Amino acid sequence: IPIFFAFYKVLVVSIELRQAPWILWIPDLSARDPLLILPLLMGISQYVMQKLTPTAGADPTQVKMMQLMPLIFTFMLIYFPSGLLLYWTVSNIIGIGQQLYVNKYDQAAKITANAKSNP
Numbered sequence: 027i028p029i030f031f032a033f034y035k036v037l038v039v040s041i042e043l044r045q046a047p048w049i050l051w052i053p054d055l056s057a058r059d060p061l062l063i064l065p066l067l068m069g070i071s072q073y074v075m076q077k078l079t080p081t082a083g084a085d086p087t088q089v090k091m092m093q094l095m096p097l098i099f100t101f102m103l104i105y106f107p108s109g110l111l112l113y114w115t116v117s118n119i120i121g122i123g124q125q126l127y128v129n130k131y132d133q134a135a136k137i138t139a140n141a142k143s144n145p
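Each number in my numbering comes from the position in the sequence shown (counting from 1) with 26 added on.
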């Protein structure tokens with residue numbers, strides 16, 4: 027989390043990023059998203075990431091807290107700069123891809139191990 031605060035500070039203080047045009051509905055990466063699309067995308071991607079991450083053997087209180095974190099972060103980050111939300115959303119999407127790959131590879135390894143043990 028300290029990295030996010032440092033990135034936030036860079037986006038707030040950086041003169042070069044002020045009113046620099048960007049794409050689609052985001053006119054400025056150092057300002058908040060005017061349509062609130064990035065906070066919603068970040069919340070959705072964080073929720074999907076949380077659902078894909080295995081929680082076997084975890085404390086029920088911890089599981090409940092992890093389920094609420096995407097909602098809390100979505101509301102907490104509504105007024106943060108678009109650049110930070112874009113970074114976090116892209117990071118979540120990459121993490122989702124990695125988790126899907128690991129889950130698929132892990133399943134394939136279990137199937138192979140079962141096939142070898144039961145000829």
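Even glycine gets a Cβ: it sits at the ideal position worked out from N, Cα and C.
Everything numeric in this text was worked out from a predicted model, so none of it was measured.
In angstroms with no decimal places, state the Cα-to-Cα distance between residue i and residue j.
i, j, result
"A82", "L112", "30 Å"
"P107", "A84", "34 Å"
"V74", "S40", "32 Å"
"G109", "Q133", "36 Å"
"I64", "P86", "Position check: residue 64 holds Leu in this sequence, whereas Ile was assumed. L64 and P86: Cα-Cα distance of roughly 30 Å."
Can you check whether the CB of residue j is closer than 8 Å to the CB of residue i?
i, j, result
"Q76", "M91", "no"
"I122", "L78", "yes"
Within a Cβ cutoff of 6 Å, which residues of the same chain sit near residue i, ignoring the five residues on either side of it in sequence?
i, result
"Y105", "R58"
"L67", "T115"
"Y127", "none"
What residue does the alpha helix (DSSP H) around residue i start on, and which one ends it?
i, result
"F106", "Run containing F106: none; DSSP gives neither H nor E here."
Any heavy atom of the ligand FMN closer than 7 Å to the CB of residue i?
i, result
"S117", "The ligand content of the structure shown is nil, which means the ligand FMN is not present either."
- Query: Should the stretch 51 to 59 be regarded as contacting the stretch 89 to 99, the criterion being three or more beta carbon pairs within less than 8 Å?
  - Reply: no
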